[in-house]
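Heads up: the structure comes next, in structure tokens.
Pasting the structure below:
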């Protein structure tokens, strides 16, 4: 069954928001309860200070994977360019990842920060067994859809199923979308949907 294949979850812009939301706890609960999600990628865009200074597991693993040996020189060069672009592009960005997500730690899952397709593709080259990629976060109709690791961009990667869960994504402000109404998605399990574009 497709949902029982090795999976990766991408958490897109799970920012600390001014209104009360259950998004972060829903995401954590689902990841913790799903034994097939073995990797979780934090894609917190516009969080310059976190990316450059955070000592959380997400960013520590990022630096180890993309900046240290045995990463190829090409990957290290791309990582350096990514950092320079991030600092330049987000000079005034003030967003922060929700603390529930930022401090989340599950020893049964590999957690890493990622922002770009080349990072995900490099990770897949080291872990070719991954078949499913879940996209979670906010806002459903903007960032979860069009970010560099959003579901539209993921269609460029062959051989993966793009999935989501209805209570692990939000529209703005703080509502879960009715994915049943979106003809680009089909229900494949309890509250789990597959992107068919």
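In the numbering used here, the protein residues as written are 8 to 204.
Cβ coordinates follow ideal geometry from the N, Cα and C atoms, glycine included.
- Residue 21 and residue 86 have their alpha carbons spaced roughly 22 Å apart.
- In the structure shown, the three-state DSSP call for residue 67 is helix.
- In the displayed model, residue 85 falls within a helix according to three-state DSSP.
- By the neighbour-count criterion, in which 16 or more other beta carbons inside 10 Å mark a residue as buried, residue 126 falls on the buried side.
- Where residue 131 is concerned, the enclosing alpha helix (DSSP H) starts and stops at 124 to 133.
- Shown here, residue 201 sits in a strand according to DSSP, grouped into three states.
- Unbroken alpha helix (DSSP H) runs of no fewer than 4 residues, entirely contained in the segment 157 to 204, are found at 158 to 161, following chain order.
- Under the three-state reduction of DSSP output, residue 111 falls in the coil class, being neither helix nor strand.
- DSSP, reduced to helix, strand and coil, places residue 14 within a strand of the structure shown.
- Remark: C-beta atoms of residue 110 and residue 63 approach each other more closely than 8 Å.
- By the criterion of a C-beta distance shorter than 6 Å, residue 102 is surrounded in its chain by 22, 53 and 54, once the five residues flanking it on both sides are discounted.
- Contact annotation: the segment 133 to 148 touches the segment 166 to 176, with at least three C-beta pairs closer than 8 Å.
- The beta carbon of residue 202 is closer than 7 Å to those of 158, 169, 191 and 192 in its chain, skipping five residues each way along the sequence.
- Taking 8 Å as the cut-off, the beta carbon of residue 68 is found no closer than this to the beta carbon of residue 17.
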